[in-house]
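One structure is given here, and the rest of the page talks about it.
There are 2 protein chains.
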Amino acid sequence: MDMKHYMLTLGQTAKKASKVLANAESKQKNQALVAIASEIETKQAHLLEENQKDLEAGETNGLDSALLDRLALNPERIAGMAEGLRQITALKDPVGEITNLSYRPSGIQVGQMRVPLGVVAIIYESRPNVTADAAGLCLKSGNATILRGGSEAIYSNRAIATCIQTGLSQAGLPKEAVQVVATTDRAAVGELITLSSYVDILVPRGGKGLIERMSREATIPVIKHLDGVCHVYIDDKADKTKAIAIADNAKTQRYGTCNTMETLLVAEAIATEVLPELVEIYQNKGVELRACQKTRQIIQGIHAATELDWSTEYLAPILSIRIVTGLVQAIEHISQYGSGHTESIVTEDYSRARQFLRQVDSSSVMVNASTRFADGFEYGLGAEIGISTDKLHARGPVGVEGLTCLKFVVLGDGHIR
Amino acid sequence: MDMKHYMLTLGQTAKKASKVLANAESKQKNQALVAIASEIETKQAHLLEENQKDLEAGETNGLDSALLDRLALNPERIAGMAEGLRQITALKDPVGEITNLSYRPSGIQVGQMRVPLGVVAIIYESRPNVTADAAGLCLKSGNATILRGGSEAIYSNRAIATCIQTGLSQAGLPKEAVQVVATTDRAAVGELITLSSYVDILVPRGGKGLIERMSREATIPVIKHLDGVCHVYIDDKADKTKAIAIADNAKTQRYGTCNTMETLLVAEAIATEVLPELVEIYQNKGVELRACQKTRQIIQGIHAATELDWSTEYLAPILSIRIVTGLVQAIEHISQYGSGHTESIVTEDYSRARQFLRQVDSSSVMVNASTRFADGFEYGLGAEIGISTDKLHARGPVGVEGLTCLKFVVLGDGHIR
Chain H
30 MDMKHYMLTL GQTAKKASKV LANAESKQKN QALVAIASEI ETKQAHLLEE
80 NQKDLEAGET NGLDSALLDR LALNPERIAG MAEGLRQITA LKDPVGEITN
130 LSYRPSGIQV GQMRVPLGVV AIIYESRPNV TADAAGLCLK SGNATILRGG
180 SEAIYSNRAI ATCIQTGLSQ AGLPKEAVQV VATTDRAAVG ELITLSSYVD
230 ILVPRGGKGL IERMSREATI PVIKHLDGVC HVYIDDKADK TKAIAIADNA
280 KTQRYGTCNT METLLVAEAI ATEVLPELVE IYQNKGVELR ACQKTRQIIQ
330 GIHAATELDW STEYLAPILS IRIVTGLVQA IEHISQYGSG HTESIVTEDY
380 SRARQFLRQV DSSSVMVNAS TRFADGFEYG LGAEIGISTD KLHARGPVGV
430 EGLTCLKFVV LGDGHIR
Chain S
30 MDMKHYMLTL GQTAKKASKV LANAESKQKN QALVAIASEI ETKQAHLLEE
80 NQKDLEAGET NGLDSALLDR LALNPERIAG MAEGLRQITA LKDPVGEITN
130 LSYRPSGIQV GQMRVPLGVV AIIYESRPNV TADAAGLCLK SGNATILRGG
180 SEAIYSNRAI ATCIQTGLSQ AGLPKEAVQV VATTDRAAVG ELITLSSYVD
230 ILVPRGGKGL IERMSREATI PVIKHLDGVC HVYIDDKADK TKAIAIADNA
280 KTQRYGTCNT METLLVAEAI ATEVLPELVE IYQNKGVELR ACQKTRQIIQ
330 GIHAATELDW STEYLAPILS IRIVTGLVQA IEHISQYGSG HTESIVTEDY
380 SRARQFLRQV DSSSVMVNAS TRFADGFEYG LGAEIGISTD KLHARGPVGV
430 EGLTCLKFVV LGDGHIR
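Chains H and S, in that order, give the protein sequences. Numbered by this note's numbering, the letters in the first sequence go through residues 30 to 446 in order. Numbered by this note's numbering, the letters in the second sequence go through residues 30 to 446 in order.
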């Protein structure tokens, strides 16, 4: 296979399809989403068969059990994919909305219209349900999509892609609106991330290595998601009950998600009041603690945290704890070691809450709420294509609106300068 | 001078100052703007002296008269700089505004807060007034700025920078909030565009070569402004008087601006009605015409346009003209040859106007208005730091709001998942 030619064709056909999709009515896009959902349900047996091939190859290639679990489809997961697509139909169509249309002194009327970006390329690993989720969000926002899943999921992804294309055709939309890169050749990624004439944005969903490669080699803008080193700061003006509930939930509700707290900061004046109870909770749940010197003076038998701990995203039942003098030092710590993902303050103090919200430069800043709320569904975006830790374009959870941009619209009546 | 070390220090001090600026109140930022304006007026004689050094060096180095004119300061231009800064005080401060703060089913309240990007680096050529304009917009939007002007304006830029820093100090803001790269060494640009730990966004204002270098070498996101190959399409349902006024104004009001029309598209059915009158207007104003075969059958003695003409930004009294079959072919032509800057349709037809607005994928789309309106001041942004032909982040004229981003704000009362 001539990879350059293959990827170029993929890009060109996607660009062409994107023009049809950009002008498709909401009704037609929703019909396609429903048709795809039905097709995925109808083809359940086939999807499981194809997924089985991936699983067998994965076992032969020695994938670990966590990876195999993420790769596996079952009737519940297939039903979940279909349900996710149907939920996207309920989202407001962002395309074509005109805002702030107002008259200028010159007499022209100026506003902004929300339009699709064009072609979105998504590069991801393992979980085949991303294929359906991502395609659905791009479709709703009027973008064509090129999907490049991990080689370990190639049979599953191809089978899901066939369902998607069938659904698109049933709704009268071009099947090239969603295309899956049909080869496992790694050279395809290199071609894809430099197709700047045809692809408008790259969304890498995967490990650090993948995202760093994108940043280095891509000639197309990237919606980046780097580490989630999230903090909860318990202020000395905190309500103790709220503080304990939030610090517990932010760490232990799920360990492997990017919005999980990795470092707990506690104001010195409240440390002896909240830490003993919290440490007991963590230890009962099997969370390994790594703490600063001051914490270790209050609670015996905890390992010392190293400098590296403060900037580590554990994604595991491990937590680092630091006692700080107060709000200012907490904000400094977050600024120095945080990754700009999500931070929360627990306090009943009005001015400190305001100061934290304004001064902490993260994609989500919270008062008296668990960092675990930082996701597209909880924020009402419906679903998310990723969480951006970049500042440009989209910051935080990226939903259908993050896949669009605003162009200026000018209405006149023969106006000249 | 150790360039790497020098630029690193510049970046680090800018980042530090950006944190102060991000939290500065509107009043203090406005005080700084007024103080800088006064200082520029007070130091008029000194600015003219320093500018004279640049002009003499420019003459010695054989700069052409157009460049020397752009480089020159005079009392009017200095007054203009000061006035521009005072106008920026009247703009609404975008920083800290919270929008869409609403309750979610979980009980948390979610909204978005507008915050500065951080450190903005601006790389530009010739005109020293950009130094004051750009610094003013960045200051208002709470960003620190690193300015790298052309080497031909180094004395002028340094002198303006001193005025800016004096004004900042008078208002109690760190003078590192606006820094001018004090060396003409070209290696400084290479360092600046890869300072990704300290600089959040690059704004190149200059020729194509500069912008292409940014796209190639920069490791920091760039607000790009490429060509402005703007179109006016005269539909066969156009009002003839409006069509002629707009096609005249869009080309001849100013030749060297990026929002000037470079190609005129005319529907076949109205060509003989409007073209003879328009051609006479253009020829009387000394505009060279290059036209398609059909146009040349209606109007004798016009040069034939080559394929290259359709994608050329002349920035000069030259215009290419093409007769198209109608709206569909006009949109196809724009899609194929346009640069995504600004396009206008002249028509009285409701459906065609709507179709043009929706289907033309440019940063500004217009109905019955001259393309010359596409700028920040006319759109009510107050001023602009550039016009983005990118789709990501900011599209079209970029004002203070384009120098900010939105972070999520979550307010709870002990809420957990």
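Backbone N, C-alpha and C define an ideal beta-carbon position, used for all residues, glycine too.
Per DSSP, the beta bridge partners of F437/S are S393/H and Q141/S. In this structure, the beta-carbon distance from G147/S to K44/S falls below 8 Å. Counting the other Cβ atoms within 10 Å of the Cβ of K33/S gives fewer than 16, which makes it exposed.
A direct Cα-Cα distance of roughly 29 Å separates L202/S from S373/H.
Against chain S, the CB of Q388/H has a partner CB under 8 Å away; the residue lies at that interface. Listed along chain H is no residue with a C-beta nearer than 7 Å to that of H34/S; the closest approach is about 22 Å. Taking 8 Å as the CB threshold, I414/H stays off the interface with chain S.
Within the region 267–290 of chain S, D268, T270, K271, A272, A274, I275, D277, N278, A279, Q282 and R283 place their CB atoms closer than 9 Å to a CB of chain H, listed in sequence order. I299/H and R325/H have their C-alpha atoms spaced approximately 15 Å apart. Fewer than three pairs of CB atoms, one per stretch, sit closer than 8 Å, so the region 402–409 of chain H makes no contact with the region 350–368 of chain S. Close partners of V396/H in chain S (Cβ separation under 8 Å): V439, L440 and G441. Rounded to whole angstroms, the separation of the alpha carbons of S155/H and Q138/H is 49 Å.
With a cut-off of 8 Å on Cβ pairs, the region 415–434 of chain S is not in contact with the region 49–61 of chain S, counting fewer than three such pairs. Cβ atoms of L432/S and H362/S stay farther apart than 8 Å, at about 34 Å. By the criterion of at least three beta-carbon pairs nearer than 8 Å, the region 204–217 of chain H is in contact with the region 174–185 of chain H. In this chain, the alpha helix (DSSP H) harbouring S94/S covers S94 to L100. Between the region 226–233 of chain H and the region 250–264 of chain H, the count of C-beta pairs closer than 8 Å reaches three or more; the two stretches touch. Between T128/S and Q116/S, the C-beta gap is not smaller than 8 Å, which leaves the two residues out of contact. DSSP, read as helix, strand or coil, puts E342/H in coil. If only complete runs of 4 or more residues are kept, the region 147–212 of chain S shows the alpha helix (DSSP H) at 158–169 and 183–199, in order along the chain. For the region 207–286 of chain S, the continuous alpha helix (DSSP H) assignments of 4+ residues that do not extend past its boundaries occur at 216–221, 237–246 and 269–281, in sequence order. For A296/H, the uninterrupted beta strand (DSSP E) segment begins and ends at M290 to A296. Per DSSP, reduced to three states, the secondary structure at Y408/H is coil, with no helix or strand assignment. Between R177/S and I152/S, the gap from beta carbon to beta carbon is short of 8 Å. Apart from sequence neighbours up to five positions away, no residue of its chain approaches I445/S with a beta-carbon distance below 7 Å. Within its own chain, the residues whose Cβ lies closer than 7 Å to the Cβ of E220/H, once the five positions on either side in sequence are excluded, are M32, K33 and M36, listed in chain order. When secondary structure is reduced to three states using DSSP, E372/S falls in the strand class. Among the bridge pairs identified by DSSP, Y132/H is matched with Q138/H.
For G425/S, the beta-bridge partners assigned by DSSP are S417/S. Per DSSP, the continuous beta strand (DSSP E) segment holding A320/H begins and ends at E317 to A320.
Close CB contacts of L92/S within its chain, under the 8 Å cut and outside five residues either way in sequence, are with L100 and E181 (chain order). Contact with chain H is absent for M243/S, since none of that chain's Cβ atoms lies less than 8 Å from the residue's Cβ. In the three-state DSSP reduction, A119/S falls in the coil class, being neither helix nor strand. Ranking G136/H, I416/H and V159/H by CA distance to the CA of L102/H puts V159/H first.
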